[in-house]
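First comes the structure, then the notes that go with it.
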Amino acid sequence: MSYSDTTEIKRKKIRPKVATSPSTQRITCPECTNNKEFLEVSDGVILTTRFIQNTDGSFSQELDDSQVLGQVKFYCGDCGADLTVFHKRFLEMLF
Ligand SMILES: [Zn+2]
1 MSYSDTTEIK RKKIRPKVAT SPSTQRITCP ECTNNKEFLE VSDGVILTTR
51 FIQNTDGSFS QELDDSQVLG QVKFYCGDCG ADLTVFHKRF LEMLF
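Structure representation (structure tokens):
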């Protein structure tokens with residue numbers, strides 16, 4: 001690969017849309033106005049870990065394969081109100 005190839009493939013950085021005014025986009029619980037603590041609860045999670053047995057009988061972990069089968073819920077950390085409608089925004093603001 002030549003030098004020019006690598007310089008041309010400059011990726012555009014994806015910037016968070018609300019970087020300039022974060023206060024307008026904050027998630028606030030409509031029940032208790034909590035805007036600090038939130039809970040994410042995943043249903044039906046299967047944790048699978050693959051192991052390889054070595055020739056001496058010991059095991060090496062090869063990979064983790066975790067699956068969320070159920071729904072991912074989003075709750076207020078204060079009063080427990082269901083805030084799943086805000087979960088998408090929460091993911092967008094998660095860094
Ligand atoms: Zn609340």
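Note that the sequence shown covers residues 1 to 95 in the working numbering.
For glycine and all other residues, C-beta sits at the position ideal for the given N, C-alpha and C.
Remember, predicted model here, so these are calculated numbers, not experimental data.
CB of residue i within 8 Å of CB of residue j, strictly
i, j, result
"E62", "I46", "no"
"V119", "E40", "There is no way to answer for residue 119, as the model of the chain reaches only from 1 to 95."
"A81", "E37", "no"
"N34", "R26", "no"
"G29", "D65", "According to the sequence displayed, residue 29 carries Cys and not Gly. No, these two residues do not count as a Cβ contact at 8 Å."
Counterpart residues of residue i in DSSP-defined beta bridges
i, result
"D56", "None, per the DSSP bridge assignment."
"K73", "V41"
"I27", "In the DSSP output, where bridge partners are listed per residue, I27 has none listed."
Nearest-angstrom Cβ-Cβ length linking residue i and residue j, presumed shorter than 8 Å
i, j, result
"L83", "Y75", "6 Å"
Problem set entry | Within 6 Å of ligand 1: residues by beta-carbon to any heavy atom | This criterion selects C29, E31, C32, N34, C76, D78, C79 and A81.
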